[in-house]
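Residue numbers (my numbering): 2 to 241. Using N, Cα and C, we set each Cβ at its ideal position, and we do this for glycine too. Taking it in order: structure first as structure tokens, then the write-up.
This is the structure we're talking about:
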């Protein structure tokens, strides 16, 4: 059996926001891989989260079968990445947080002071980058923003795609625009690590663990995939 995992910051909507996605292909191996355990745990828990009537038997059987295969998944990684790990918050137990090295880059539409302070506390401001929404950044304390030597928002023309307004009917179909991508990047030792998923840099996602969030962290040699600054440059991300 072949497996495909799509991990998205995008919701299943018609909005035109800037988002990130990871698509992995894999196969079912002979042995279990504990790195997949967070995803397996989430999949097994999902049927019990259904509101209203209980999940039908066919859904339970499908989730159980897929979880069994997922536990033994062997993933084909993108070029230049050496390893991957997964994490899920919001299911109880310890709250997962990314390990931060000598640099940090944060892309997050929603942010809180406590989460940003936690992520940047061991990094010098000149090695800390933050990309967010202007209306959210305006709510932060000045001392929080002082942790980041570079603070950016999307260019207004980038938010509207080609810089033109378009017709009203199109806006009615795609009302949401702007930044919705979520990523945390850091450099540790000789590697660059990129975490993407559903979680914002907020207390609910990374400190209290109230939200159910899914994360994937990929690691590769910095010499192969570039530094945090390289990954977050206009040449790779686009207009901001």
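Residues sharing a beta bridge with residue i, DSSP
| i | result |
| --- | --- |
| residue 154 | 133 |
| residue 74 | 29 |
| residue 226 | Looking at the DSSP assignment, residue 226 forms no beta bridge with any residue, so it has no partner. |
| residue 111 | Residue 111 is not bridged to any residue. |
| residue 89 | 215 |
| residue 194 | 187, 220 |
Three-state secondary structure assigned by DSSP to residue i
| i | result |
| --- | --- |
| residue 144 | helix |
| residue 209 | coil |
| residue 182 | coil |
| residue 24 | strand |
| residue 165 | In this predicted model, residue 165 has a pLDDT of only 36, less than 50, meaning its place in the structure is not dependable; the value taken from the coordinates is given anyway. Reduced to three states, the DSSP call for residue 165 is coil. |
| residue 189 | strand |
| residue 171 | At residue 171 the pLDDT is 43, less than 50, meaning the model places this residue with poor confidence and gives no usable figure here. |
| residue 204 | helix |
| residue 81 | coil |
| residue 58 | helix |
N- and C-terminal bounds of the beta strand (DSSP E) containing residue i
| i | result |
| --- | --- |
| residue 114 | Run containing residue 114: none in the beta strand (DSSP E); it sits in the alpha helix (DSSP H), 114-121. |
| residue 6 | 3-9 |
Identity of the residue in the options nearest residue i by Cα
| i | options | result |
| --- | --- | --- |
| residue 87 | 233, 227, 200 | 200 |
| residue 105 | 192, 239, 80, 136 | 192 |
| residue 232 | 120, 8, 132, 62 | 132 |
| residue 225 | 49, 80, 59, 115 | 80 |
| residue 12 | 182, 230, 206, 187 | 182 |
| residue 241 | 139, 125, 157, 8 | 157 |
| residue 126 | 148, 236, 210 | 148 |
| residue 244 | 53, 52, 47 | Because the chain spans 2 through 241 in this model, residue 244 falls outside it and cannot be assessed. |
| residue 40 | 7, 62, 128, 58 | 7 |
| residue 77 | 25, 95, 198 | 25 |
| residue 203 | 141, 178, 217, 239 | 141 |
Where the alpha helix (DSSP H) through residue i begins and ends
| i | result |
| --- | --- |
| residue 103 | Residue 103 -> no alpha helix (DSSP H), and no H or E assigned at all. |
| residue 98 | That residue, residue 98, is in no alpha helix (DSSP H); it is neither H nor E in DSSP. |
| residue 44 | 38-46 |
| residue 238 | 235-238 |
Own chain partners of residue i with C-beta closer than 6 angstroms, once the 5 adjacent residues on each side are dropped
| i | result |
| --- | --- |
| residue 55 | none |
| residue 29 | 2, 70, 73 |
| residue 97 | 88, 90 |
| residue 180 | 19, 110, 134, 155 |
| residue 185 | 99, 107, 196 |
| residue 189 | 102 |
| residue 166 | Below a pLDDT of 50, predicted positions are generally treated as unreliable, and residue 166, at 41, falls in that range; the measurement from the model is reported next regardless. Answer for residue 166: no residue qualifies. |
| residue 75 | 27, 28, 30 |
| residue 219 | 82, 85, 195 |
| residue 45 | 68 |
| residue 9 | 22 |
| residue 5 | 26 |
| residue 130 | 106, 151, 233 |
Chain-order list of residues whose beta-carbon lies under 8 angstroms from that of residue i (same chain, five-residue window excluded)
| i | result |
| --- | --- |
| residue 171 | Residue placement at residue 171 is flagged as unreliable, the pLDDT there being 43, under the threshold of 50; a coordinate-derived value is accordingly withheld. |
| residue 43 | 89, 92, 213, 215 |
| residue 228 | 104, 188, 193 |
Cβ neighbours of residue i in the same chain (closer than 7 angstroms, five flanking residues each side left out)
| i | result |
| --- | --- |
| residue 50 | none |
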